[in-house]
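Here is the structure we will look at, set down as structure tokens.
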Amino acid sequence: MVLFVAADAPLPEIPALEPPGAFSAQLLAGPEEPVRGQFTKPFVYFLGAHEGCSCGFSYGVGDEDADAAGRESVRRLGEYLVAAVDRLGSVELYSCWADAEGEPAETREFLTTTMFTHEAAAFELPQRWFATIIAAAS
9 MVLFVAADAP
19 LPEIPALEPP
29 GAFSAQLLAG
39 PEEPVRGQFT
49 KPFVYFLGAH
59 EGCSCGFSYG
69 VGDEDADAAG
79 RESVRRLGEY
89 LVAAVDRLGS
99 VELYSCWADA
109 EGEPAETREF
119 LTTTMFTHEA
129 AAFELPQRWF
139 ATIIAAAS
């Protein structure tokens with residue numbers, strides 16, 4: 009699974025580590041270029057979880073050993089999105105399996121940052137999913 013975010017202005021880059029940290033944000037590179045067609049916003053970034061890919065943005069859906077790491081990755085993703093939305097008003101997300109970056113979204117929705125900041129029993133990214141993320145109501 010891969011997750012991308014697009015914004016109207018540059019977002020902070022967070023380097024991928026060896027071994028991977030809980031969260032990374034990297035400006036779009038070569039083979040992922042087809043994903044640009046999903047977005048209306050020009051600045052596009054790949055978002056990585058603790059596994060390096062975006063599969064780790066999940067918890068409560070399988071391996072209990074990976075659950076804590078997945079919760080931390082989703083928590084860090086939520087912080088990143090809240091900061092971006094607070095500054096820019098909205099961002100766009102697209103998730104899919106690797107090599108499907110150019111495939112059209114199967115689901116489109118408007119969501120608030122609450123989806124990423126309030127811990128639920130389970131969290132998992134849908135595939136071929138596009139979402140416009142806005143601030144949660146105060």
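Numbers 9 to 146, taken from this note's numbering, label the letters of the sequence shown in order. Where a beta carbon is used, it is the ideal one built from N, C-alpha and C, also for glycine.
According to the neighbour-count rule (16 or more other Cβ atoms, all chains shown, within 10 Å of its Cβ), is R95 buried or exposed?
Flag for R95 reads exposed.
Give me the Cα-Cα distance between V7 and E59, rounded to the nearest whole angstrom.
Because the chain spans 9 through 146 in this model, residue 7 falls outside it and cannot be assessed.
Between the region 132 to 142 and the region 111 to 122, are three or more C-beta pairs nearer than 8 angstroms?
Below 8 angstroms, enough C-beta pairs join the region 132 to 142 and the region 111 to 122 to call them touching: three or more.
Do the CB positions of E111 and E40 come within less than 8 angstroms of each other?
Taking 8 angstroms as the Cβ cut-off, E111 and E40 do not qualify as a contacting pair.
Across the region 63 to 83 and the region 26 to 38, are there enough close Cβ pairs to call them in contact, namely three or more that are closer than 8 angstroms?
Look at the beta carbons and you see the region 63 to 83 touching the region 26 to 38: at least three pairs across the two are nearer than 8 angstroms.
DSSP-derived helix/strand/coil call for V93
In this structure, V93 counts as helix in the three-state DSSP scheme.
For P42 and L36, the rounded distance between their alpha carbons
C-alpha separation (whole angstroms): 10 angstroms.
Rounded to a whole number of angstroms, what is the C-alpha to C-alpha distance between F47 and E100?
Answer to the nearest angstrom: the Cα atoms are 7 angstroms apart.
Here's the rule I'm using: 16 or more other beta-carbon atoms within 10 Å means buried, otherwise exposed. How should T122 be labelled?
Of the other Cβ atoms in all chains shown, fewer than 16 fall within 10 Å of the Cβ of T122; this residue is therefore exposed.
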